[in-house]
Every structure is written in C-alpha cells, then in structure tokens.
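Here the sequence shown stands for residues -18 to -1, 1 to 507, where the numbers follow mature numbering (1 follows the signal peptide of the UniProt record, and there is no 0).
For glycine and all other residues, C-beta sits at the position ideal for the given N, C-alpha and C.
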Amino acid sequence: MKNIQRTLVLGCSLVALAGCGADEIVSPGTSGDINVNITNPAPTPTPTPTPTQSLVTPAAGCPTINSTGGLTDAGTITGPTGTWRVCTLPATVDASDTLPYVAGLLYQLGGQTFVGTDQGFASTGNNVTLTVEPGVIVFAQGSSALIVNRGNRLNANGTADRPIVWTSRDNVIGVANDNSQQQWGGVVLLGRARVSDCSTGVFNTDDTFSQNTTCQQNLEGAATTIPYGGANDADNSGSMRFNQIRFSGFELAPGNELQSLTTGGTGSGTVIENLQSFNSSDDGVEFFGGTVRVRNLAVIGASDDSIDADTGALADLDTVVVVQRTTTGDSIIELDSNNGANTPIAARPRTRLQVNNFTFVENSAGSNGAMVRARGGAALSLTNGVMNKLDGDGTFCFRIDEPETVAALIGIDSVVCDGGTTRQARGSSGVSNDQALTAVTSGTNVNLAFTITLTGVVINGTGESGVTPFAASGRSSFFAPDRTFIGAIENQAGLEAAFRNWTCNSATLNFGSATGACTTLPVYN
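Okay, structure coming up:
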C-alpha cells in the first residue's frame, strides 16, 4: 500500500511512450453522428466506393468563460483526426464556468489546474462549479492534473453517445498505443466527508466519532498544502457521468503517482456513473476516505491495482468490469484500513468496500500475489462476481492479511474464481491459508475452483449463467434492484446496455463501441 499523502509537483513535463497507433475498432453496423479516423472496408459481396471521412478543422477561437484570465488560445494541434484549436484553462477556475462543446476545439490543462480554492473542513454549500458539456475532450501532459478543491464541484456529465474524454497530448497527436501510460496526471475530486487517517486533527477510535472534529488528510504540493476530509458524509463534489480517463498516472516521484480518478473525502452526494479508466500507470481508481458510490465502472489496463480503497473509505461499487493488460498489473482490488495488527489504536471509520455484479479478468501476475487483497482490518463484501484468474501463475483468488481483517469480513456470496485446488486463498500476517479459505468460502454459492466459460472476455457463458445470484440489496440499497445473474455482463444485450458506445476499444478489451479506439479521438459531426 502506497503512502496516502500524495505529492503533487507543480510543473509539466512530457513522458512520451511513443509507438504505432492501433487500428480503429468500430462496432459493425453502428450508425449515428460519430465519425472516426478510419477507412471502412468495402462490404461484400457487392463492393461499393469507400467513404472518405472528413478531418477536423480548427474552431475559429476560444469561448469566453468567467474565470480570471479566461481561456488562452494556444494555437492549433494536428493529429490523425485533423487539426484542432487548443484552449488552455487558467491555473484556477475561480468562478462557476462551463466548457461548452465546440466542433474542432480541445481544452488543455496547462499544469495543475484547480477548481476553486479550499473551503475548509466545516464549510457548507458550494463555492465554484466547473461544468463540462457532453463530447468535450480535455488533454494534458506530464504532471498536469485537474484538482477539484474541497467545497467546489465538477459537473462533467457526458452522454452514452457523447462521452467526455480526458486524455494525453500523445493521444491527440496519434503516438499513443495500446500499452502507453503515464502521460499526464488525472482527475482528483476532494470533499468534506470523513477520513480515518489524519494529517491534522485526532482520528476516531470508536464508531461514535465524538472526539473527531478536525481530522483531515492532505495532498501535499510543492508550494501549497491541499487538504481533504470533514464531517459531512453526504458532501457533494459534483457529478461525473459517461467519462473516459485515458493514459493517466504520471509519476511525481518514485512510487508516487496519480491514477485516472482519485477521490479524497468525497461524500455520497457526489455522483459517479459510467466511468472508464484506460491504461493508468498506477491504480485505475483510488478512494481515500469518504462515502463513495460508483455505478458502471470499467478499469482497463491499470498498471498497479485496478481498484484501491483505504483511509476509511466507505465505497459501494455496482456493475464493475476490470481487465488487466498482459504486460502489467498488480491486484485487482487492494483494500486497507488503519486497524491492523501493527496499529496500537484502531482508527475509524474502518475502510469498507462492497462490490456487486462484477467481472474481473487477470492477465498479469501481480506482486501482491492475489486478485483480491484485504488487510488492516478493512471490511469486504463481494457479491455476484466472476473472477477469471490467470492460468498457471502464482497468484491466489484471495489474500487476507491479519486476523482483524478476517473478523471484519462482511461476506463473499455468489462469487466464482478458477483458483484450482491450491490457489484459492492465502493467509498472511497471522492468518493461515486454511483460515483465509474458510473465511472467504463461508458464504453462499462460492466456488473458487470454478471452470470459467466467459465469452468475449467478459460476457457470461453457460457456467456463469448457472450460478444462483445473491440478493445484494440486503448489503446496500445502492445495489437495488436485485439482479438475476452474477458477473457484470449477463449477455450481449447487457454489454450494450451498460458499457457500449461511451467506452473506448483496445486490444485489451473491445467493447464494440462506436466512439472507436482508445488510441484515437472521437469526432462528431
């Protein structure tokens, strides 16, 4: 588990992992107003002329916004999709503003870009809101990141046909490939919900929280301290619907990177739905404290853990697809809390992660030695899941560290994994392998020696379809209504309903989305 105090270094340097761009992947028979930079093959048996796709032409200029300094016209940038006008955001969005969709225009983060200023631990209401319209593309490079300060909001609500894309400069100019990563920072949402580890203040040692009025954590920058956390578990840091975050995870220092999406102390009023992380060089998503709710999450190709929750995060994730690259990746879930055998006083809130209707595909043997690793007394609930473990590697389906974590286990129910006879569960730090196995198989309909029959990488096959699902709404109202299947995707129709078109395609997982490959930009008429 990495240090929870993230150092955000000001400045911007380009890490270019150049290579040949992958071919465009488009769903057969798709239609609508999306053009992608490809030459479509002539249909058979009757050849017809191949249509010529028009390239982007730059917008005439930058729109007017309210923030001090406004948008800066940075000229144009050219790539495989054409030539775009570039409009750079100010270092701080200090007034409520909207980034409108304009054909032929890209928005750029010129460095660390802040939405508002920190409003404090006990503040109420909202100061500044940055609204991003459907179809907008924002790009950056090096350590550039978008950081939404506590007490402010990001409303980035795309649509299924026009997702919002956060990506790298290399992606724009066409030199990013299906293994590129670490090309810019990522998106950071901070809020005023509780955290369990304190940079300042005294953490709670029981569930009454009576002694904690000042516990907050910091994202430490070179010039400023950026705090998060508070006492409002229902805090609202905005909404993100139908977003792709590509090629993120710039390494600020050895072992200290951002991920596609980082949340710190965000509350349940924050809405995150239909989010894709693609090729983050660190975790796909990481939740530091707060009360987090995410629906329809796709983490593709993360180089470290795909999902990481710690420092008192109370996270419920519903309908989750994770697929690793073959060349990189650690655990799919890493879960931690400040409550382990080496911690003399347990901190509260205890980290709790609940995931329902998920499909995890391991393609890389991780150093944590397990697809799912829980430790530090964190509470874990997994329901209605399919875990496709890499054949013949040294990892386990589960690793449970410390007796406190065994005691905190909420339940594993209607979950299958192909761990064979020897790689189902591992114990560590005072937990034996047998104790770990007993803990994770004590629920209903758990089979860790299951023969996986997935098709299309993540769609249920006959084996998965035969498993009786668990009524997960009993664990969290966020999981209602109860579904009649395990896994994230029951069938082809389920793929289209939950993930198709707002996601991008890659060699790791082809969703068949009409928005095209992750290595190119969507272009709309």
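For residue i versus residue j, is the C-beta distance shorter than 9 Å?
i      : j      : result
Leu372 : Ala407 : no
Thr276 : Leu257 : According to the sequence provided, residue 276 is Val. The question's Thr does not apply to it. Yes.
Ala475 : Asn487 : no
Gly231 : Gly168 : yes
Ser424 : Arg381 : no
Ile289 : Glu268 : yes
Gln131 : Pro116 : Before going further, note that residue 131 is Asn rather than Gln in the sequence given. The answer is no: Cβ separation not under 9 Å.
Ala360 : Thr333 : yes
Gly358 : Thr387 : yes
Arg67  : Gly52  : no
Phe434 : Asn370 : Checking the sequence shown, residue 434 turns out to be Ile, not Phe. For Ile434 and Asn370, yes; Cβs fall inside 9 Å.
Asn127 : Val170 : According to the sequence shown, residue 127 is Ala rather than Asn. It is a contact, given that the beta carbons lie within the stated cut-off.
Ala280 : Phe493 : yes
Gln199 : Ser181 : yes
Asn442 : Asn473 : yes
Gly249 : Ser219 : yes
Asn278 : Thr308 : no
Asn153 : Thr502 : yes
Leu81  : Thr113 : yes
Leu201 : Gly133 : no
Ala85  : Tyr506 : yes
Gly173 : Thr65  : no
Val337 : Phe481 : no
Assuming residue i contacts residue j under a Cβ cut-off of 8 Å, what Cβ separation, rounded to an integer in Å, is found between them?
i      : j      : result
Arg405 : Phe432 : Wrong, their Cβ atoms sit about 12 Å apart, outside the cutoff.
Pro331 : Ser178 : 5 Å
Trp484 : Phe121 : So it is not a contact: roughly 18 Å between Cβ atoms.
Gln241 : Asp215 : Their Cβ separation, rounded to whole angstroms, is 23 Å, which puts Gln241 and Asp215 out of contact at 8 Å.
Leu136 : Met222 : 7 Å
Asn427 : Ser396 : 4 Å
Tyr89  : Leu71  : 6 Å
Ser78  : Thr111 : 5 Å
Gly294 : Asn261 : Contact flag wrong, Cβ pair sits at about 29 Å.
Ser150 : Phe229 : 4 Å
Ile129 : Val147 : That pair is no contact at about 19 Å.
Arg355 : Gly271 : Not quite, the Cβ-Cβ distance comes to about 19 Å (not below 8 Å), so this is no contact.
Gly98  : Asp76  : 7 Å
Val398 : Val449 : 6 Å
From the DSSP output, in three-state form, read off residue i for me.
i           : result
Gly246      : strand
Asn134      : coil
Val428      : strand
Glu255      : strand
Ala489      : coil
Leu364      : strand
Leu172      : strand
Glu478      : helix
Ala454      : helix
residue 509 : This structure cannot speak to residue 509, because the chain is shown only from -18 to 507.
Ile16       : Only weak support exists for where Ile16 lies, its pLDDT of 35 falling under 50; the coordinates are left without a value.
Gln241      : coil
Thr28       : Residue confidence is low: Thr28 scores 43 on pLDDT, short of 50, so the model does not pin down where it sits. Its coordinate-derived value is still stated next. Coil, per DSSP.
Phe103      : coil
Asp416      : helix
residue 590 : Since the first residue shown for the chain is -18 and the last is 507, residue 590 is missing from the structure and cannot be characterised.
Phe96       : strand
Glu384      : coil
Ser9        : Annotation note: pLDDT 28 at Ser9 (below 50); position unreliable, coordinate value reported separately. Residue state, collapsed to three classes: coil.
Phe460      : helix
Thr444      : helix
Val439      : coil
Val38       : strand
Ala284      : coil
Ala73       : coil
Ala328      : coil
Ala421      : helix
Tyr83       : coil
Ile47       : coil
Checking contacts by CB at 9 Å: is residue i closer than that to chain B?
i      : result
Leu503 : Structure shown: chain B not included; a single protein chain is present.
Practice problem: Would you check if there are 3 or more beta carbon pairs closer than 8 Å linking the segment 467 to 478 to the segment 325 to 343? | Solution: The answer is yes - the segment 325 to 343 touches the segment 467 to 478, with three or more Cβ pairs under 8 Å.
Self-check item: Unbroken stretches of the beta strand (DSSP E), 3 residues or longer, contained in the segment 108 to 157
Solution: Secondary structure in the segment 108 to 157: the beta strand (DSSP E) runs of 3 residues or longer, each lying completely within the stretch, are 111 to 114, 119 to 122, 127 to 130, 135 to 139 and 146 to 150 in chain order.
Exercise. State whether the segment 210 to 227 contacts the segment 358 to 370, with contact taken as three or more CB pairs (one from each stretch) at a distance under 8 Å.
Key: no
Quiz item: Where in the segment 256 to 282 do unbroken runs of the beta strand (DSSP E), each at least 3 residues long, occur, reported from the N-terminal end onward?
Solution: 267 to 270 and 273 to 282
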